[in-house]
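This report refers to the structure that appears directly beneath it.
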Amino acid sequence: MKIQNGSRRKVHFAILALSSGLTMSSAMAADAFRVDSPWMFGDWNGKRTELKDQGYDFNIGYTGEFAGVINADRDGKGNAYADQWAFGANFDLNKILGWRDTEAKIVITHRGGKALNTEADVMAPQFNQTQEVYGRGQTWRLTDLWIKKKFVDQRLDVKLGRFGIGEDFAGFDCEFQNLALCGGQVANWAGDQWYNGPVSQWAGRVKYNIHPELAVQMGIYERNTVNANATTASDGFNLSTDGSDGAVIPLEIVWQPKKTSNNLSLPGEYRLGYFVSTVDTQNVQVDYSAPGISQKFDADHHKWAAWLSAKQQLTRHHGDESRGLTLMGQATFYDDKTSAYSDAQNIALVYKGLFDARPSDEIGIGLARIGVNTDAIKFNGKVENEKFDDELDAEIYYGLKATRWLTVRPNIQYVKNIGANKAYGDAWVGGVKFNMNF
């Protein structure tokens, strides 16, 4: 598998950053680059912990993902590298200003690189991404700028500012590199209205904890295509409501059973939710390119979707609850008038600490399905040889916890019915995902 020049430069840069960092460690603080430190650059000679104790918690994160076609039913090769930098700070306003049960956060991100879908023709029709970190504009963005306060003995939680919907709703783990197995799936197939990070929008979210394990929450999020389609830093830092055409309103119940004794259940998280948009939307079953059809015809529908997700630890490894097998899965359903996709599901198994010599390493395997709305004009068989079915995405990875601040996840992905079209065949993709915390 030949690595293209652009991807080669990206990979070389990442390797150089790691290797040069190791060789320069003597010039840095004494605790920089220690394998037992949560940060590559260490504790800044204790200053980092001191600042956190005072209410200031700074962080820099990097995610890089490489993907390349190993084999495909159709002729064609290709590879791509995409990445994201995140610069953030959390503020405990109780410690800083004496504002009880109040915190604030700011995060600025930059996405760069390319997607395999655009670099390999054989993958071009794929619905999904083999690199979850790609998308929503490869530029600088204001991803978080919010304040949150708790009331009523910390049972009522109110959050206001700019943030993505998936930060609070339909939350899910993102250890896999394949997008259909990473994070909440609602946005992936309703992304014209539901914006996850790195996109932010003006929003408000209210959460009420009925008891420590059960909560209900509701949010109202601005829908503004300027935020979603940013291609420049100016758009990425857009604070104006010009272009807003409605709101997305999600509702969710969250149950997080906790282990209360060695004889009772292991931790888990279960979510049931629904969202509706106030934005007028065209009917996907109407061919608006047909002569005599007005763009306003039957265009007052409102997109909605429902979702269910579950994550449950099933075992302990030799009595250690931080290690063991976890089962997780999601199911999302979309309305057939405003969505070209009918439903999506995934299921995954992740084992942490399988080997005693590597207690922090993980092994994960997952399978995802993306269903199409065959009544939608996009998939109603206008072309004779198009045989639309479901797209299936699978991945297996090994998560090597090289240090507390570096995790490397080599992976193999399999895509069946690329673009839900049997004519496009299947493909095997090799990848590697790594996360660094500076």
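Mapped onto the numbering used here, the consecutive letters of the sequence shown carry residue numbers 21 to 458. Virtual Cβ for every residue (Gly too), placed ideally from N, Cα, C.
Buried or exposed: which applies to residue i, given that a residue is buried once 16 or more other Cβ atoms fall within 10 Å of its Cβ?
{"i": "I390", "result": "buried"}
{"i": "F454", "result": "buried"}
{"i": "K67", "result": "exposed"}
{"i": "Q221", "result": "buried"}
{"i": "R94", "result": "exposed"}
{"i": "E341", "result": "exposed"}
{"i": "S297", "result": "buried"}
{"i": "L201", "result": "buried"}
{"i": "I230", "result": "exposed"}
{"i": "D173", "result": "exposed"}
{"i": "F353", "result": "buried"}
{"i": "M44", "result": "Confidence at M44 is low in this model, with a pLDDT of 40, below 50, so the placement of that residue is unreliable and no value is reported for it."}
{"i": "G217", "result": "buried"}
{"i": "N249", "result": "exposed"}
{"i": "Q315", "result": "exposed"}
{"i": "N65", "result": "exposed"}
{"i": "V461", "result": "In the structure displayed, the chain extends from 21 to 458; residue 461 sits before or after that span and is not available."}
{"i": "A377", "result": "exposed"}
{"i": "A396", "result": "buried"}
{"i": "V219", "result": "buried"}
{"i": "F171", "result": "exposed"}
{"i": "T251", "result": "exposed"}
Of the choices the options, whose alpha-carbon is the least far from that of residue i?
{"i": "L199", "options": "V172, G386, T335, R225", "result": "G386"}
{"i": "L328", "options": "F295, L334, A310, D340", "result": "F295"}
{"i": "F183", "options": "E195, L165, D177, F171", "result": "L165"}
{"i": "S264", "options": "N249, E242, W275, P270", "result": "E242"}
{"i": "L420", "options": "S380, C202, V435, H337", "result": "S380"}
{"i": "L369", "options": "V449, G349, D77", "result": "G349"}
{"i": "A92", "options": "G450, K169, T83", "result": "G450"}
{"i": "A144", "options": "D112, A325, L162, A100", "result": "A100"}
{"i": "D193", "options": "I367, Q104, I432", "result": "I367"}
{"i": "W425", "options": "A190, D262, T335, T83", "result": "T83"}
{"i": "T338", "options": "F375, L180, A414", "result": "In the sequence on display, residue 338 carries His and not Thr. Answer by Cα proximity: F375."}
{"i": "G191", "options": "Q205, L180, Q197, K179", "result": "Q205"}
{"i": "P430", "options": "G118, F86, A267", "result": "F86"}
{"i": "A325", "options": "T163, A364, F147, G81", "result": "A364"}
{"i": "L259", "options": "V246, L271, A210", "result": "V246"}
{"i": "T301", "options": "T335, I438, A319", "result": "A319"}
When you measure from the CB of residue i to every non-hydrogen atom of the ligand COA, does any distance come out below 6 Å?
{"i": "I126", "result": "This structure does not include the ligand COA; it has no bound ligands of any sort."}
Got a sec? Which residues, its chain only, sit under 6 Å from residue i by beta carbon, not counting five neighbours each side?
{"i": "Y154", "result": "A102, A135"}
{"i": "G108", "result": "N79, V127"}
{"i": "F63", "result": "In the sequence under discussion, the amino acid at residue 63 is Asp, which differs from the Phe named in the question. For D63, where only same-chain residues beyond five positions count, the Cβ hits under 6 Å are D51, T69."}
{"i": "S281", "result": "Unreliable positioning characterises S281 in this predicted model, as indicated by a pLDDT of 46, which lies under 50. The coordinate reading is nonetheless provided below. Contacts found: none."}
{"i": "T474", "result": "Only positions 21 to 458 of the chain appear in this structure, which leaves residue 474 out of reach."}
{"i": "Y444", "result": "P145, I438"}
{"i": "V452", "result": "F86, P430"}
Look at residue i and residue j and say whether their C-beta atoms are less than 7 Å apart.
{"i": "G186", "j": "Q158", "result": "no"}
{"i": "D410", "j": "A388", "result": "no"}
{"i": "D177", "j": "K227", "result": "yes"}
{"i": "Q333", "j": "P287", "result": "yes"}
{"i": "K331", "j": "E289", "result": "yes"}
{"i": "E415", "j": "F196", "result": "yes"}
{"i": "A140", "j": "G98", "result": "yes"}
{"i": "L162", "j": "G224", "result": "no"}
{"i": "L347", "j": "Y371", "result": "no"}
{"i": "G81", "j": "N457", "result": "yes"}
{"i": "V142", "j": "G203", "result": "no"}
Return the Cβ separation of residue i and residue j in integer angstroms, given the expectation that the two are a contact with Cβ distance under 8 Å.
{"i": "I313", "j": "V306", "result": "7 Å"}
{"i": "R343", "j": "G384", "result": "That pair is no contact at about 14 Å."}
{"i": "Q151", "j": "T129", "result": "About 15 Å; that fails the 8 Å criterion."}
{"i": "A210", "j": "K323", "result": "6 Å"}
{"i": "E272", "j": "G293", "result": "4 Å"}
{"i": "A253", "j": "W160", "result": "4 Å"}
Keeping to the same chain, check which residues put their C-beta closer than 8 Å to that of residue i; ignore five residues upstream and five downstream.
{"i": "I269", "result": "M238, G239, I240, Y241, F295, V296, S297, T298"}
{"i": "L42", "result": "With a pLDDT of 41 at L42, under the threshold of 50, the modelled position of this residue cannot be trusted; read the value that follows with caution. If we look at L42 and ignore the five residues flanking it on each side, its Cβ neighbours are F53."}
{"i": "K278", "result": "P232, E233, P287"}
{"i": "L71", "result": "D77, F78"}
{"i": "I116", "result": "Q74, G75, Y76"}
{"i": "L113", "result": "G75, W119, T122, E123, A124, I167"}
{"i": "D446", "result": "A92, D93, Y434, V435, K436, N437, I438"}
Within its chain, find whatever has a CB closer than 7 Å to the CB of residue i; leave out the 5 residues flanking it on each side and keep chain order.
{"i": "W393", "result": "Looking at the sequence itself, residue 393 is Asn, so the reference to Trp does not match. Taken in chain order, the residues that qualify are V304, D356, S359, A360, Y361, S362, F399."}
{"i": "W275", "result": "E233, L234, Y290"}
{"i": "Q149", "result": "A135, N137, G155, L199"}
{"i": "G266", "result": "R243, S297, T298, V299"}
{"i": "Y308", "result": "Q302, Q315"}
{"i": "K407", "result": "N441, K442, A443"}
So that I know if they touch, is there some Cβ in chain C lying closer than 7 Å to that of residue i?
{"i": "E152", "result": "Considering every chain present, this structure includes no chain C. It has just one protein chain."}
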